[in-house]
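Reviewing the structure listed below.
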Amino acid sequence: MTMRTYEVFLKKDGKDEFRHVGAVHAPDDEMALPLARESYARRAEGDLMWLVDRQHLLVADPDLLAPNADKPHRHNDGRRVAAKRKNERGQV
Amino acid sequence: MKQWSDLDDFQSFIDTGGMVEPVDDMPDEYRNEVFRFIEFHANSELMGGLTERDWIPRAPGLRLKQIFLAKTQDEIGHAHLLYMVAADMGVKNRTEMLEDLYDGRSRFHNVFHYQAVTWADQIAIAYLVDAAALASQRSVFANCTYGPYKRVLKRIVAEEGFHMRHGEEMLLRLAEGTDIQRQMFQEALNRWWLPSVQLFGPDSPENDPLLRWKIKTERNEDLRHAYVQQYVPLLQGYGFEIPDPDLRQVDGQWLIGDIDWEPLKATMRNGGPDSRRRIETAANNWADTAWVRESLAAAVDRTQREAAA
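Residue numbers (the numbering used here), protein chains in the order written: chain A, 1 to 92; chain B, 1001 to 1309.
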């Protein structure tokens, strides 16, 4: 029997977003559902559950995301403004 | 996928707070040590779950039966998740791990090698032993460098917290009970105190790879010492006596008598007083449920055949 890996996501109704909680190994969709329910949602951790068969995940190459720390103009650390305010507080 | 040129390179990655994921090209030494540790944990959860199960019919009253039912389910669930994480490391698959356990080739926690005689023993296990296990799991969870293990530990630690509270409540009920009940717990404590402090193992060796690679973050002797500081006053507060003639207080710290580790070593090689029965029970349980796995496999095969047709 070949097992498949399913990624499990849970969400509280009306709150937050679906969050990844872990994975289960199961032979098929029908068995994956109760296994995920019993493994991850025994204490009201969620009201809604998604299961995704890992072979259906579209996985990006890390290179696609790689050049994402080289554009400081997309951030602002607020340091200059903070320094000015601190300076003003110091003068009062 | 992360790669490292050698063990020193890997060590500096670990030392600077790096996390290892299953897709990474981790050193074999790390893979094998971490696998063994997780397999040991998985085996212990499974054997612990079967012990809890033994007490469902014997637990006094419906509420306690429900609690033991829920705890059994939690423990088996933990084993289920841990075997998945261990299998993903590619050292042994799940079936191989289970066969090694049932054939007595692999190991599990010392505390599941002894007999639980009375209901009070089960409470001592639920409280003292679970507390020791929880303390050691928390310390692994704190800085664990193997990502999948850290993620399942989060869930396991949370659920073990519920077990602890059930354990202390059950202890409280015996402590506030009749003289016979108090006597029963004292006798159980006499049997389970030493195994509980031994659960942390002998002092960590110098240069323990599990510490070096931050699977463990505290030395065995430090965890044991912290446990003693917490549980000696707690049990004495309930009016029980710690079964250790050498127990003493020095500079406000509780110190326990020297432990002879030799009997534990034999126990851990599956030579404990109840090891054989427990492994046999687990193996029979696996054999008795073969029909579930077989019918499941047949049903899946049929679905796949129908989908292909």
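From the three backbone atoms N, C-alpha and C, an ideal C-beta is built for every residue, glycine too.
For Ala26 of chain A, the closest alpha carbon among the candidates B:Leu1128, B:Leu1081 and B:Val1129 is that of B:Leu1081. As DSSP reads the structure, Val1091 of chain B sits in no beta bridge. Within the segment 5-46 of chain A, complete alpha helix (DSSP H) segments of at least 4 residues are found at 29-40, given in chain order.
With the rule of 3 Cβ pairs closer than 8 Å, the segment 1035-1048 of chain B counts as touching the segment 1083-1097 of chain B. The Cβ-Cβ distance between Arg37 of chain A and Asp1074 of chain B does not fall below 9 Å. Here Trp1254 of chain B is bridged, per DSSP, to B:Gln1249. Contact annotation: the segment 1054-1072 of chain B does not touch the segment 1138-1150 of chain B, with fewer than three C-beta pairs closer than 8 Å.
Boundaries of the beta strand (DSSP E) harbouring Leu51 of chain A: Leu48 to Asp53, taken from the DSSP string.
The residue among A:Lys12, A:Arg89, A:Lys86 and A:Ala23 with its C-alpha nearest the C-alpha of Arg54 of chain A is A:Ala23. Going by beta carbons, Leu1210 of chain B and Glu1033 of chain B fall inside the 9 Å limit. A contact is defined here as three or more CB-CB pairs under 8 Å, and the segment 1111-1120 of chain B meets this definition with respect to the segment 1191-1204 of chain B. With its beta carbon less than 9 Å from one in chain A, Val1300 of chain B belongs to the interface.
For Lys84 of chain A, the enclosing alpha helix (DSSP H) begins and ends at Arg79 to Gln91. Within 8 Å of the CB of Leu1081 of chain B, the CB atoms of chain A belong to Gly22 and Ser39, in sequence order along the chain. Cα atoms of Met1019 of chain B and Asn1207 of chain B: separation of roughly 20 Å, rounded to the nearest angstrom. Within the same chain, Cβ atoms closer than 6 Å to the Cβ of His20 of chain A are found at Phe9, the five residues on either side in sequence being excluded.
Note that the C-beta distance between Phe1010 of chain B and Pro1022 of chain B is not below 9 Å.
A distance below 9 Å separates the beta carbons of Met1001 of chain B and Asp1024 of chain B. With its beta carbon at least 9 Å from every one in chain B, Glu7 of chain A lies outside the interface.
Taking a beta-carbon distance threshold of 9 Å, Asp63 of chain A does not count as an interface residue toward chain B. At least one C-beta of chain A is nearer than 9 Å to the C-beta of Phe1162 of chain B. Assignment of beta-bridge partners to Tyr1146 of chain B by DSSP yields B:Val1020. For Lys1154 of chain B, the closest C-alpha among the options B:Leu1134, B:Ile1067, B:Trp1291 and B:Ala1283 is that of B:Leu1134.
Taken in chain order, the unbroken stretches of alpha helix (DSSP H) that lie wholly in the segment 1081-1128 of chain B and span 4 residues or more are 1094-1102 and 1119-1124. When beta bridges are read from the DSSP output, Gln1003 of chain B appears opposite B:Asp1025.
Met49 of chain A does not reach chain B, its nearest Cβ partner there being about 15 Å away, counting only Cβ pairs nearer than 7 Å. The C-beta of Val1091 of chain B comes no closer than 9 Å to any C-beta of chain A. What Arg1151 of chain B touches in chain A, judged by beta-carbon distance under 7 Å, is Gly22, going in chain order. Beyond the five residues adjoining it in sequence on each side, Leu1174 of chain B comes within less than 8 Å, by CB distance, of Ala1120, Ile1123, Gln1181, Arg1182, Met1184 and Phe1185 in the same chain, given in chain order. Going by C-alpha positions, Met1170 of chain B is about 16 Å away from Tyr1231 of chain B. For Asp1244 of chain B, there is no enclosing alpha helix (DSSP H), as DSSP marks it with neither H nor E. The criterion of a C-beta distance shorter than 9 Å is not satisfied by Ala1131 of chain B and Gly1077 of chain B. Between Trp1286 of chain B and Tyr1083 of chain B, the gap from beta carbon to beta carbon reaches 9 Å or more. For Asn1284 of chain B, the uninterrupted alpha helix (DSSP H) run begins and ends at Ser1275 to Asp1288, by DSSP.
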